[in-house]
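Numbering (this note's numbering), first residue to last: 25 to 311. Remarks on the structure that follows.
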């Protein structure tokens, strides 16, 4: 599933074309994705201006001139196309044409018109229209923790939400109530950079180490965004290019390979936590 850097890469690819653009020729080609499309979806988008494109966790939020926000979750294989080119890309490319394009529209801005489509081969993505002043209270967003790239995220925040927590820190970081938008890949990478074992109870990590971890979470996400995200399975960025951060993974997907840490002779190990693969170096990631 695309993680925060991949979704942010798509947002940045759409932003120059969509912000301030007027939508028309909106087409919906099937009644549902994971969930049903909103009632009268094409009619509610036709003639509307996109005022701003934001991201919350792994959701894209297009603030509309009607006072509604168009929310999109990419699911596993969802992707936007811009004039036929994919916006972002993941290992087995998912089909993006024909029966797999489930909606499309045109965006006109500054005299230029672009065709944008949304395809989703597995149909695990979904879309919604929510009154803008009610987005934060909507069930998709209510109770979410702070954005890991926002001002509300810090070592002090982690110390507060992890206080007394016996669950391991890897699974705790994936809890969207603790931090919004963190996914499996980048949690593994951030814990490695901070030299923290994924096995340690979240409540046992000292405040100084949590400050280091918070900084490394920011660093790994920013590095991945700068590299255009990670191309693992079905992700494609807004210009049709692939992300390159997967070539810089220190531990993710490197089971049995030597640790890249200076002076470390350890080997990357894979275990399963909370139903997800965890990759780490037992030699340099200490409890």
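Built from N, CA and C at the ideal position, the CB exists for glycine as well.
- Between the segment 89-98 and the segment 176-196, are three or more C-beta pairs nearer than 8 Å? no
- Could you work out which residue in 140, 244, 82 is closest to residue 165 when comparing CA atoms only? 82
- Message: My output table needs one value for residue 228: the three-state DSSP class, helix, strand or coil.
- Response: helix
- Item | Length at least 3, wholly inside the segment 126-166: the beta strand (DSSP E) runs in chain order | 136-143, 150-155
- Does the beta-carbon of residue 160 have 16 or more other beta-carbons within 10 angstroms, so that it is buried, or is it exposed? exposed
- Task: Using 10 angstroms around the beta-carbon of residue 158, count the other beta-carbons present and answer buried if the total reaches 16, otherwise exposed.
- Result: exposed
- Would the beta-carbon of residue 228 fall within 9 Å of that of residue 212? no
- Looking at the structure shown, is residue 69 part of a helix, part of a strand, or coil, going by DSSP? helix
- Task: In angstroms with no decimal places, state the Cα-to-Cα distance between residue 175 and residue 123.
- Result: 42 Å
- Tell me which same chain residues have a C-beta within less than 7 Å of the C-beta of residue 31, skipping the five on either side of it? 79, 82, 84, 98
- Message: Check this for me: beta carbons of residue 219 and residue 247, under 9 Å apart or not?
- Response: no
- Message: On the criterion of 16 or more Cβ atoms from any shown chain inside 10 Å, does residue 59 qualify as buried, or is it exposed?
- Response: exposed
- Got a sec? Which residues, its chain only, sit under 6 Å from residue 55 by beta carbon, not counting five neighbours each side? none
- Indicate the three-state DSSP secondary structure (helix, strand or coil) for residue 258 in the structure shown. The predicted position of residue 258 is uncertain, since its pLDDT is 37 and thus under 50; a value taken from the coordinates is nonetheless stated next. Residue state, collapsed to three classes: coil.
- Euclidean distance between Cα positions of residue 255 and residue 180: Any reading at residue 255 must be qualified, since the residue scores a pLDDT of 41, below 50, and its modelled position is unreliable; the value itself is stated next. Cα to Cα, the separation comes out at about 32 Å.
- For residue 93, the first and last residue of its enclosing alpha helix (DSSP H): No alpha helix (DSSP H) holds residue 93; the beta strand (DSSP E) holding it covers 92-97.
- Query: What is the DSSP secondary structure of residue 83, reduced to helix, strand or coil?
  - Reply: strand
- Element boundaries [beta strand (DSSP E), containing residue 194]: Taken as a continuous stretch (DSSP letters only), residue 194 belongs to no beta strand (DSSP E), being part of the alpha helix (DSSP H) at 193-197.
- Could you tell me which residues DSSP puts in a beta bridge with residue 103? 143
- Query: If you run the structure through DSSP and keep just helix, strand and coil, what is residue 302?
  - Reply: strand
- Query: Do the segment 123-135 and the segment 40-55 make contact, defined as three or more Cβ pairs closer than 8 Å?
  - Reply: yes
- Message: Rounding to the nearest angstrom, what Cα-Cα distance links residue 154 and residue 148 in this structure?
- Response: 19 Å
- By Cβ distance, which residues of its chain are closer than 6 Å to residue 264, with the 5 residues on each side in sequence left out? Bear in mind that the predicted position of residue 264 carries a pLDDT of just 44, short of 50, making it unreliable; the figure below should be weighed with that in mind. Here the set comprises 109, 110.
- From the DSSP output, which residues share a beta bridge with residue 297? 300
- For residue 48, the residue or residues it bridges with in DSSP: 130
- Message: Between which residues of its own chain and residue 67 is the CB-CB distance below 7 Å, once the five residues before and five after are set aside?
- Response: none
- Query: When DSSP builds the beta bridges, which residues end up paired with residue 88?
  - Reply: 74
- Message: Considering Cα atoms alone, identify which of 50, 288, 40 is closest to residue 71.
- Response: 50
- Do you know whose CA, among 208, 285, 139, lies nearest residue 295's CA? 208
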